[in-house]
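> Going by the numbering used here, the first residue of the sequence shown is number 81, and it counts up by one from there.
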Amino acid sequence: MIPGLKGRGRWAGVVILASFLAAAWFLLLPQPLPRLPFGPSLPPLLTNPGRFGQWDPPIPVPLVPAAAALRPRSGRVLLWAADARTTFESDGNTITATVDVRRRDVSAANVSATHHNMFCPGLSLSSNGRVFVTGGSSSDKFSIYDEDEEAWIEGPPLKLGRGYHAQVTLADGRIFTIGGSWSGSMGGKNGEIFDSAAGAWTTLPGCSSEVLLTNDNRGAFTSDNHAWLFAWSDNSVFQAGPSSAMNWFDVANTGRTIRAGYRDDDSDSMNGNAIMYDALRGKILTLGGAQSYSGAPATSNAHIITLGEPFTPPRVERLDNMHSARVYANSVILPTGDVFINGGATWAQQWTDANATWVPEIWSSRTHRFTEMARMQIPRTYHSFALLLPDATVLVGGGGLCWIECEDESINHENVQVFRPPYLFTDRGRPAERPRILEVSTDKVSPGEQLLVTTDTWIVELVLIRYASATHSINTDQRRIKLRHEPLNITKEGEVETWNHSLTLPSDPGVMPPGYWMLFAVNTQDTPSLATTILVQI
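Take a look at the structure:
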């Protein structure tokens, strides 16, 4: 007999047992994720990776990784800090590291051959996958990482010294940069462009940095920083922010600036995020930021900008806000078209974790809703990064790295960590069965061409996501293209079936800029394959 039931009737035990089962069933139903303060991790029921994702153990690295780039040939991640591991002070060198995430293997190097402190630079991947790093602490320097040679090469200097600027790889493979009064002279940081064939930078006085300016509480020093740049059709460049005013840049001849209206009712959003999650439809998601670089509250604002013809005003749609206000956060496009938003702070203040945002979110491109994910173990605020890896996980890292010395050394996070999104798990939290790309007809393509792909199962989406680099909440490389595909036939050999697909690539290089891309197959459960690397040629 169940203790305490004596004398209560023969059905008492049945009633209590039924009540217990009902309570247990309620606990298994979807519950909102609580906002926990710094302290214990989430209870087991609320950490089902099939709903909230999962964090791997951190990987120690010998520096604070304020910048990162994914190497397309090896899948390893190149990291760097400044002239020292955890501080920045002088010019002439950069402390770097390379991480093999799968093997948890790390190597380090002090790069002095290019005489460049690559701290707070402009950053993008070139049309052949090389890492182009401009300015920063060494304001006019230009360094190029060649993965084939595993070496840094000194490039021709910028015409204008810059730091905290942004740069982007264009449809024709040239590199455009603008802004950056943090380093070099202050103000007048108009555009310039690099042509690899000519081996030189050319100024574009018609691409005015004045239109970038935010109403920052520190003035010109930080008001032209970290532009949200997107390459688009006809070698145009769209600037989505962080200023509330949006603009187009025409890089032909000496350049031209065309105003594009305002981001709805959004304020200036310095150190916010902008992500082209659907390049075919010109869709850009913008998130968070603050009105000033430091000393201002973060916002939780979210908008979709839809680009059309170049040099015409885009359409702007206000979305429901994120769960958390964020500045200094990082956002990553996932193969499903959703966006993972990690870290940041609720108040813009450099070099502190006091205001850290601990719970990441995923934005659904289908429902336009935000869902909170598994809580971080390590805060990622100023000087952190995030990148999508070829296995469809997300690598995050960094935070800290002060001038000369941090008052609180605990903010220096010399580690990286992998987040595994829910799509890698079943509803019960077990590893999901992943589709496989068995074969592609070629690994080098040009815009408008056909690509034949063979998979081991039925596929609902085949998508391209460009290899990327990131620093200071800016990633101008990443963009996602959902490819138009036709299932051709099913091939059967014995008991083994394979599915053959014909893909049509976009014909516009403004939609699909040259460089290395990751090809993912996504099944009916939204689970992506491992990526196959494709080079899009000019």
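We put the CB at the ideal spot given by N, CA and C, even for glycine.
Quick caveat: nothing in here was measured; it's all calculated off a predicted structure.
Applying the criterion that 16 or more other CB atoms from any shown protein chain within 10 Å of the CB defines a buried residue, is LEU568 buried or exposed?
In the sequence shown, counting from the first residue as 1, residue 568 sits at position 488. When all chains shown are included, LEU568 counts as exposed.
> Quick check on DSSP: helix, strand or coil for PRO114?
Position 34 of the sequence shown, counted from the first residue, corresponds to residue 114. Reliability of the predicted coordinates at PRO114 is poor, the pLDDT of 36 falling under 50, and no value is obtained from them.
> Rounded C-beta distance between ILE491 and ASP433? I'm assuming under 8 Å.
What you label residue 491 is simply residue 411 of the sequence shown in a count that begins at 1. What you label residue 433 is simply residue 353 of the sequence shown in a count that begins at 1. That pair is a contact at about 5 Å.
> Start and end of the beta strand (DSSP E) containing PRO567?
Here the question's residue 567 lines up with position 487 in the sequence shown. Unbroken beta strand (DSSP E) run through PRO567: 564 to 573.
> Between which two residues does the beta strand (DSSP E) containing ALA300 stretch?
Looking up residue 300 in the sequence shown gives position 220. Per DSSP, ALA300 belongs to no beta strand (DSSP E); it is in the alpha helix (DSSP H), 300 to 303.
> Among ASP228, SER263, GLY279 and TRP312, which one has its Cα closest to the Cα of GLY235?
Looking up residue 235 in the sequence shown gives position 155. Minimum Cα distance to GLY235 is reached at GLY279.
> Any contact between the region 337 to 353 and the region 556 to 574? By contact I mean 3 or more CB pairs, one from each, below 8 Å.
In short, these stretches do not touch, since the Cβ pair count stays below three.
> Could you tell me whether the region 440 to 450 touches the region 407 to 420, using the rule of 3 or more Cβ pairs below 8 Å?
Yes: the two stretches touch, three or more of their Cβ pairs being nearer than 8 Å.
> For my contact list, PRO142 and ARG165 are in at a C-beta cut-off of 8 Å; report their separation, rounded to the angstrom.
Mapped onto the sequence shown, residue 142 falls at position 62. Mapped onto the sequence shown, residue 165 falls at position 85. Right, the Cβ-Cβ distance comes to about 6 Å (below 8 Å), so this counts as a contact.
> Starting from the C-beta of MET266, find all residues in its chain whose C-beta is less than 7 Å away, skip the five residues before and the five after it, and write them out in chain order.
Reading the sequence shown from its first residue, position 186 is the one you call residue 266. For MET266, where only same-chain residues beyond five positions count, the Cβ hits under 7 Å are ALA300 and PHE301.
> Which of helix, strand or coil does DSSP assign to SER324?
One-based indexing of the sequence shown puts residue 324 at position 244. The answer is coil: DSSP assigns SER324 none of H, G, I, E or B.
> What is the C-beta distance between LEU360 and PRO586, in whole angstroms, given that I count them as a contact (C-beta under 8 Å)?
Residue 360 sits at position 280 when you count from the first residue of the sequence shown. Residue 586 sits at position 506 when you count from the first residue of the sequence shown. At roughly 6 Å, the Cβ-Cβ gap stays under 8 Å, so LEU360 and PRO586 are in contact.
> Since ARG131 is in the alpha helix (DSSP H), which residue starts that stretch and which ends it?
Reading the sequence shown from its first residue, position 51 is the one you call residue 131. Taken as a continuous stretch (DSSP letters only), the alpha helix (DSSP H) holding ARG131 covers 129 to 132.
> Taking the Cβ atom as the reference point for each residue, do THR556 and ALA311 lie within a distance shorter than 9 Å?
For the purposes of this step, residue 556 is taken as residue 476 along the sequence shown, with counting starting at 1. For the purposes of this step, residue 311 is taken as residue 231 along the sequence shown, with counting starting at 1. In this structure, ALA311 lies closer than 9 Å to THR556 by Cβ.
> From the DSSP secondary-structure annotation, give me the bridge partner or partners of GLU577.
The residue you call residue 577 lines up with position 497 of the sequence shown. Its beta-bridge partners are LYS572.
> Between ASP220 and ASP180, what straight-line distance do the alpha-carbon atoms span, to the nearest angstrom?
In the sequence shown, counting from the first residue as 1, residue 220 sits at position 140. In the sequence shown, counting from the first residue as 1, residue 180 sits at position 100. Cα-Cα distance, rounded: 31 Å.
> How big is the Cα-Cα spacing for VAL533 and GLU566?
Taking the first residue of the sequence shown as 1, we reach residue 533 at position 453. Taking the first residue of the sequence shown as 1, we reach residue 566 at position 486. If you take the alpha carbons of VAL533 and GLU566, they lie about 10 Å apart.
> Beta-carbon of THR578 versus every beta-carbon of chain B: anything under 9 Å?
Any reference to chain B falls outside this structure, which holds one protein chain only.
> Which of helix, strand or coil does DSSP assign to PRO502?
The sequence position of residue 502 within the sequence shown is 422, counting from 1. Note: PRO502 maps to helix in three-state DSSP.
> Between GLY259 and SER217, is the Cβ-Cβ spacing less than 9 Å?
Here residue 259 is taken as the residue at index 179 of the sequence shown, counted from 1. Here residue 217 is taken as the residue at index 137 of the sequence shown, counted from 1. Taking 9 Å as the Cβ cut-off, GLY259 and SER217 do not qualify as a contacting pair.
> Could you check what DSSP says for ASN315 in three-state terms: helix, strand or coil?
Along the sequence shown, one-based indexing puts residue 315 at 235. Reduced to three states, the DSSP call for ASN315 is helix.
> I need the DSSP call for VAL291, collapsed to helix, strand or coil.
As a first step, residue 291 must be located in the sequence shown, where it is residue number 211. Helix, per DSSP.
> Quick one: what does DSSP say SER490 is sitting in, helix, strand or coil?
Your numbering for residue 490 matches position 410 in the sequence shown. If DSSP states are grouped into helix, strand and coil, SER490 belongs with the helices.
> Quick check: the Cα distance between GLN457 and PRO511, rounded to an integer number of angstroms?
Taking the first residue of the sequence shown as 1, we reach residue 457 at position 377. Taking the first residue of the sequence shown as 1, we reach residue 511 at position 431. Each residue's alpha carbon lies about 22 Å from the other.
> Go ahead and pull the three-state DSSP assignment for MET266.
Taking the sequence shown and counting its residues from 1, the one referred to as residue 266 is at position 186. Reduced to three states, the DSSP call for MET266 is coil.
> Hey, is the region 198 to 209 in contact with the region 182 to 189, meaning 3+ C-beta pairs nearer than 8 Å?
No, because fewer than three Cβ pairs between the region 198 to 209 and the region 182 to 189 fall closer than 8 Å, the two stretches do not touch.
> So, HIS245 versus LYS269, is the Cβ gap smaller than 9 Å?
Position 165 of the sequence shown, counted from the first residue, corresponds to residue 245. Position 189 of the sequence shown, counted from the first residue, corresponds to residue 269. It is a contact, given that the beta carbons lie within the stated cut-off.
> Which partner residues of GLU234 appear in the DSSP bridge assignment?
What you label residue 234 is simply residue 154 of the sequence shown in a count that begins at 1. For GLU234, which the question treats as bridged, DSSP gives the partners SER223.
> According to DSSP, is THR392 helix, strand or coil?
For the purposes of this step, residue 392 is identified with residue 312 of the sequence shown, where counting begins at 1. Looking at THR392 - three-state DSSP - the assignment turns out to be coil, as it is neither helix nor strand.
> Please name the residue in GLN134, ALA436 and GLN558 whose C-alpha comes closest to that of VAL543.
As a first step, residue 543 is located in the sequence shown; it is residue number 463 there, counting from the start. Of the listed residues, the one whose Cα sits closest to VAL543 is GLN558.
> Who are the Cβ neighbours of SER444 in its own chain at under 6 Å, not counting the five residues just before and after it?
Locating residue 444 in the sequence shown gives position 364, where the first residue counts as 1. Excluding sequence neighbours, SER444 sits near ASP418.
> Distance check for LEU240 and GLY369, CA to CA, integer angstroms please.
Working through the sequence shown from its first residue, we reach residue 369 at position 289. Working through the sequence shown from its first residue, we reach residue 240 at position 160. About 27 Å.
> Distance check for LEU250 and SER316, CA to CA, integer angstroms please.
Working through the sequence shown from its first residue, we reach residue 316 at position 236. Working through the sequence shown from its first residue, we reach residue 250 at position 170. In a straight line, the C-alpha of SER316 is about 8 Å away from that of LEU250.
> According to DSSP, what are the bridge partners of ILE554?
For this step, residue 554 is matched to residue 474 along the sequence shown. Looking at the DSSP assignment, ILE554 forms a beta bridge with THR551.
> How long is the line joining the alpha carbons of LEU125 and GLU541, rounded to whole angstroms?
Position 45 of the sequence shown holds residue 125. Position 461 of the sequence shown holds residue 541. With a pLDDT of 45 at LEU125, under the threshold of 50, the modelled position of this residue cannot be trusted, and the question is left open.
> Output needed for CYS200: all residues of its chain with C-beta closer than 6 Å, excluding positions within five of it in sequence on either side, in chain order.
Along the sequence shown, one-based indexing puts residue 200 at 120. Answer for CYS200: GLY216, GLY243 and TYR244, listed in chain order.
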